[in-house]
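Taking numbering that gives the first Met the number 0, I'd label the letters of the sequence shown as residues 0 to 195.
Heads up, the beta-carbon is just placed ideally off N, CA and C, and yes, glycines get one too.
Beneath this line is the structure, given in structure tokens, with notes to follow.
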Amino acid sequence: MSRSKQQSQRRDDIVQATLKSIELYGLSGTTIKTISGIADISVGLINHHFGSKQKLLESAVRFLLEQLRLGLQQRLQSDGAIPPKERLYRIVETNFTSFQQSPSASRTWLCFWAEAAHCAELSRLQQINSRRLYSNLLYSFVALMPREDALVAAERTASMIDGFWLRSTLSSTPEQAFVAAEQHCKAFIDELLDRQ
0 MSRSKQQSQR RDDIVQATLK SIELYGLSGT TIKTISGIAD ISVGLINHHF
50 GSKQKLLESA VRFLLEQLRL GLQQRLQSDG AIPPKERLYR IVETNFTSFQ
100 QSPSASRTWL CFWAEAAHCA ELSRLQQINS RRLYSNLLYS FVALMPREDA
150 LVAAERTASM IDGFWLRSTL SSTPEQAFVA AEQHCKAFID ELLDRQ
């Protein structure tokens with residue numbers, strides 16, 4: 000394996016260890032040392048690659064955002080055109096995948112949202128995430144209703160997805176809650192479209 004591939008793999012391993020550390024210890028209990036122990040990589044190497052716990056959190060969030068992007072891209076690959084309503088359903092499904100429900104991802108998302116209010120870079124990443132979801136929803140809604148209605152429908156649906164995801168991840172029975180959440184979001188889309 001080339002040196003650049005080794006470094007890239009090492010960075011990926013450190014990001015995965017960061018997610019696991021946040022899952023196990025929360026953000027306040029996560030340190031470079033806990034990440035080092037999980038990744039089985041020296042503290043010095045972690046500092047060399049990332050420099051700080053904050054940079055690690057930012058990298059972990061970028062990883063989560065990339066998983067969402069790739070997940071939607073994969074769900075939208077098709078031999079033919081995907082009808083707009085089906086595309087909306089697939090956007091919902093992408094936000095409720097087993098990965099996005101996993102303890103390491105969900106706890107990192109929760110920490111990210113809390114920290115985004117205090118950190119400019121995390122706030123920027125949250126704005127990217129929000130705009131991407133809204134834009135994807137709007138693209139499909141515009142094909143199904145007048146633009147003014149589509150703008151409102153996209154905003155409401157994005158709020159439903161985020162709200163149900165949050166409620167599900169904090170539920171005492173998250174697996175059941177996530178299944179119901181996905182169904183509720185799809186039913187909400189159906190209701191919006193039935194009004195047209």
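Within the region 84-133, the runs of alpha helix (DSSP H) that reach at least 4 residues and sit entirely inside it are, in chain order, 97-100, 102-115.
A residue is called buried when at least 16 other Cβ atoms come within 10 angstroms of its Cβ; Ser-139 meets this threshold and is buried. When C-beta atoms of the region 94-103 are compared with those of the region 155-174, three or more pairs fall below 8 angstroms, so the two segments count as touching. The continuous stretches of alpha helix (DSSP H) do not include Thr-172, and DSSP gives it neither H nor E. Spatial neighbours of Ala-153 in its own chain (CB-CB distance under 6 angstroms, excluding positions within 5 residues in sequence) are listed in chain order as Tyr-133, Leu-136, Leu-137, Phe-140. Cα atoms of Lys-185 and Thr-156: separation of roughly 9 angstroms, rounded to the nearest angstrom.
One Cα belongs to Ile-81, the other to Leu-75, and the distance between them is close to 7 angstroms.
Taking 7 angstroms as the cut-off, the beta carbon of Asp-12 is found closer than this to the beta carbon of Ala-38. Its chain contains Ser-20, Tyr-24 as the residues whose beta carbon lies nearer than 7 angstroms to that of Thr-33, once the 5 sequence neighbours on both sides are disregarded; these appear in chain order.
As the crow flies, the alpha-carbon of Leu-87 is around 32 angstroms from that of His-117. In terms of Cβ geometry, Arg-106 and Glu-22 form a close pair [threshold 7 angstroms].
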